[in-house]
DNA sequence: GTAGGGTTAG
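Residue numbers (full-length UniProt numbering): 1 to 701.
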């Protein structure tokens with residue numbers, strides 16, 4: 001009662017007062033105060049009505065940080081119970097507000113049940129349902145509901161389209177998106193500028209920039225949102241200069257940039273300095289979203305410390321900014337820091353969403369962390385996150401990383417909507433786990449289910465063909481590539497070259513390579529290593545210089561291929577020169593693989609002293625492969641003494657790896673030292689490796 | 001209505 005006195009009320013405050021107070025809490029996005037006020041109603045013996053409840057629900061949905069808190073869900077259930085008890089749940093608009101709250105909490109199933117049980121529905125409740133389903137990533141379902149809504153005689157409004165259209169902003173639904181656009185035109189809803197913005201964005205996300213441009217130019221009153229949409233459309237498709245030009249036009253037309261403009265420009269990477277400058281000038285640099293974008297910029301450049309500092313500078317921590325940090329740790333295999341972030345998130349009373357979950361799962365790579373992966377799977381089941389295809393996708397990838405294909409498959413089969421990306425995850429999971437036949441089987445299933453495999457599916461499948469040397473299937477994929485105009489894609493070209501090389505058809509690999517207009521670095525690399533694999537070292541080296549003439553800078557993989565080519569051709573001097581070039585001209589630090597390659601080069605040429613000196617001068621500790629290369633050379637040149645010395649080293653490095661014993665046994669055999677051969681064979685039996693395990697695959701035609 | 005954190009590939 002003190003509270004009433006303090007604002008000068010001598011009599012019991014009426015419901016109207018509470019409503020206006022609730023309204024102000026909605027304005028200030030303060031659900032906690034709204035809930036407190038609602039509880040106080042009972043102290044005054046005031047009975048809330050349907051409007052009170054709907055205002056309370058609206059207040060709850062007004063703040064995203066509240067929706068992300070662990071309490072929100074419990075309180076939503078309490079409100080729901082209260083609504084049923086007081087009987088106000090029969091009002092359509094109250095039910096719709098509750099549905100909206102459940103949707104924003106990610107509880108799609110609860111919301112859907114609510115909708116199914118509604119005594120009556122109107123177009124607003126349909127809109128809320130479609131909007132929620134769409135925002136929760138169930139895009140195909142959103143489309144189905146839209147059709148159902150029309151069938152049941154409800155007339156979609158422009159808000160319906162604005163809710164639905166973002167769901168069509170993905171390649172697999174591009175066709176449906178066009179249909180919805182057509183529907184909008186027929187229904188006369190397309191003149192609305194919000195609808196046009198949504199459609200522009202949709203076309204941008206489907207990489208149909210021409211359609212996006214046409215729509216954008218059609219918008220008579222281009223708002224800052226329209227401009228941002230077009231900047232984003234260009235940026236997402238890699239047209240950074242065009243994004244910058246639109247930004248210039250926008251400024252010429254005196255449209256004030258907002259934070260979304262800055263964020264879009266930052267992610268479009270179009271001259272980040274000027275975007276940053278602009279942000280500072282306009283004061284937008286203090287904004288949390290802008291800072292989050294900067295955290296990402298630093299993270300992608302490997303500068304986690306700056307990211308951390310920026311995060312600490314944020315007055316209000318958000319899930320998005322924390323996710324940016326988490327993913328930069330996960331990327332760098334720093335699960336310790338990732339888990340600290342997770343603990344921090346719990347302290348902040350937040351919960352994971354699908355993106356945050358995926359970021360964490362991405363960092364789970366080492367067998368020791370597999371338990372964590374299982375725990376997060378459990379977390380997903382408990383919080384309902386596993387209904388989101390994005391989160392399931394992360395789980396499928398995680399399980400495949402540990403060769404746990406059965407669990408990946410069972411997650412997959414339980415999914416109602418299977419987006420292309422999930423098929424791709426499973427396909428690449430199978431290939432990585434060495435189960436290429438399963439991957440190829442999935443390919444036909446995915447076509448049967450109506451998906452058109454994209455460049456990612458094809459590149460994964462092609463590398464599966466390498467694994468089982470399945471040339472015929474690879475050729476089939478090549479035809480698919482040509483029929484669907486995917487040959488221009490970097491990944492596809494590279495994978496094709498790789499497949500043909502590994503399946504014994506260097507001629508075809510060469511033909512594919514020559515058909516590519518502008519090969520990227522990886523494509524050049526796979527051609528160079530193809531040549532070197534076939535002992536065509538001169539072709540490999542010509543390729544290497546042509547690549548540089550095109551203005552491309554070789555990387556570590558290029559040099560692995562080049563050094564291998566020199567080894568095959570016995571080009572000792574060349575190899576030495578390229579090794580120097582790699583370090584001095586291109587500032588690349590040689591890895592153990594490069595060093596093993598050099599030892600191999602010297603060793604095969606019989607320069608065992610040079611090989612030894614090379615190992616002595618190495619800046620990193622030589623590993624099994626480096627010493628193994630030298631032992632191999634000893635076999636070739638029948639150097640028993642040195643061989644024995646190296647074999648001892650190898651034994652201490654990894655006594656379980658029987659490879660060196662095979663080499664030693666061969667070495668003794670060449671020298672006809674049969675007693676020693678027998679001794680080594682005995683050791684092989686003791687270590688468990690018979691030294692002869694291996695398989696060959698012959699494709700039956 | 002617009003963006004920011006994220007998954008699949010050589």
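We put the beta carbon where it would ideally sit given N, CA and C, even for glycine.
Sheet register partners of residue i (DSSP bridge)
{"i": "residue 69", "result": "350"}
Length of the line joining the Cα atoms of residue i and residue j
{"i": "residue 324", "j": "residue 536", "result": "46 Å"}
{"i": "residue 84", "j": "residue 109", "result": "18 Å"}
{"i": "residue 172", "j": "residue 420", "result": "7 Å"}
{"i": "residue 1", "j": "residue 41", "result": "Below a pLDDT of 50, predicted positions are generally treated as unreliable, and residue 1, at 44, falls in that range; the measurement from the model is reported next regardless. Approximately 11 Å, taken between the alpha carbons."}
{"i": "residue 591", "j": "residue 584", "result": "15 Å"}
{"i": "residue 28", "j": "residue 112", "result": "29 Å"}
{"i": "residue 436", "j": "residue 626", "result": "31 Å"}
{"i": "residue 130", "j": "residue 190", "result": "19 Å"}
{"i": "residue 96", "j": "residue 495", "result": "51 Å"}
{"i": "residue 605", "j": "residue 569", "result": "10 Å"}
{"i": "residue 447", "j": "residue 150", "result": "30 Å"}
{"i": "residue 423", "j": "residue 405", "result": "13 Å"}
{"i": "residue 757", "j": "residue 666", "result": "In the structure displayed, the chain extends from 1 to 701; residue 757 sits before or after that span and is not available."}
{"i": "residue 279", "j": "residue 285", "result": "5 Å"}
{"i": "residue 99", "j": "residue 50", "result": "15 Å"}
{"i": "residue 265", "j": "residue 237", "result": "13 Å"}
{"i": "residue 18", "j": "residue 74", "result": "23 Å"}
{"i": "residue 525", "j": "residue 337", "result": "35 Å"}
{"i": "residue 445", "j": "residue 523", "result": "29 Å"}
{"i": "residue 254", "j": "residue 209", "result": "25 Å"}
{"i": "residue 204", "j": "residue 491", "result": "22 Å"}
{"i": "residue 575", "j": "residue 561", "result": "11 Å"}
{"i": "residue 541", "j": "residue 233", "result": "41 Å"}
{"i": "residue 347", "j": "residue 267", "result": "30 Å"}
{"i": "residue 392", "j": "residue 363", "result": "15 Å"}
{"i": "residue 262", "j": "residue 244", "result": "11 Å"}
Cβ-based burial, residue i [other Cβ within 10 Å; buried from 16]
{"i": "residue 371", "result": "exposed"}
{"i": "residue 706", "result": "Nothing about residue 706 can be reported from this structure: the residues present for the chain run from 1 to 701 only."}
{"i": "residue 527", "result": "buried"}
{"i": "residue 79", "result": "buried"}
{"i": "residue 458", "result": "buried"}
{"i": "residue 89", "result": "buried"}
{"i": "residue 375", "result": "exposed"}
{"i": "residue 647", "result": "buried"}
{"i": "residue 377", "result": "buried"}
{"i": "residue 629", "result": "buried"}
{"i": "residue 580", "result": "exposed"}
{"i": "residue 381", "result": "exposed"}
{"i": "residue 16", "result": "exposed"}
{"i": "residue 309", "result": "exposed"}
{"i": "residue 221", "result": "exposed"}
{"i": "residue 529", "result": "buried"}
{"i": "residue 48", "result": "buried"}
{"i": "residue 196", "result": "buried"}
Candidates the options, of which the one nearest residue i by Cα
{"i": "residue 269", "options": "300, 249, 253, 250", "result": "300"}
{"i": "residue 257", "options": "234, 241, 227", "result": "227"}
{"i": "residue 510", "options": "479, 498, 44, 472", "result": "498"}
{"i": "residue 58", "options": "102, 17, 69", "result": "102"}
{"i": "residue 661", "options": "674, 682, 671", "result": "682"}
{"i": "residue 412", "options": "395, 403, 402", "result": "395"}
{"i": "residue 135", "options": "117, 160, 148", "result": "160"}
{"i": "residue 65", "options": "32, 46, 215, 517", "result": "32"}
{"i": "residue 390", "options": "287, 352, 675, 91", "result": "352"}
{"i": "residue 684", "options": "672, 664, 508", "result": "664"}
{"i": "residue 449", "options": "476, 432, 417", "result": "417"}
Report task. Write down every uninterrupted run of the alpha helix (DSSP H) in the region 627-673 whose length is 4 residues or greater and which is fully enclosed by it, in chain order. Result -> 640-653, 659-670
Query raised in the report: Where are the alpha helix (DSSP H) runs, 4 residues long or more, that stay fully inside the region 301-385, in chain order?
Result: 304-313, 319-331, 335-347, 354-362, 370-383
**Report entry** alpha helix (DSSP H) runs contained entirely in the region 439-487, provided each spans 4 or more residues
**Finding:** 455-468, 471-483
**Report entry** Any alpha helix (DSSP H) of 4 or more consecutive residues that is wholly inside the UniProt repeat "PPR" (520-554)
**Finding:** Runs of the alpha helix (DSSP H) inside the UniProt repeat "PPR" (520-554): 521-533, 537-549.
Query - Every unbroken alpha helix (DSSP H) inside the UniProt repeat "PPR" (122-156) [4 residues or more] - result: With a minimum length of 4 residues, the continuous alpha helix (DSSP H) runs that stay inside the UniProt repeat "PPR" (122-156) are 123-135, 139-151.
Query raised in the report: Going along the chain, which unbroken runs of the alpha helix (DSSP H) with 4 or more residues stay wholly within the region 16-69?
Result: 31-43, 50-60, 64-67
Query - Uninterrupted alpha helix (DSSP H) stretches inside the region 154-186 (no shorter than 4 residues) - result: 158-164, 174-186
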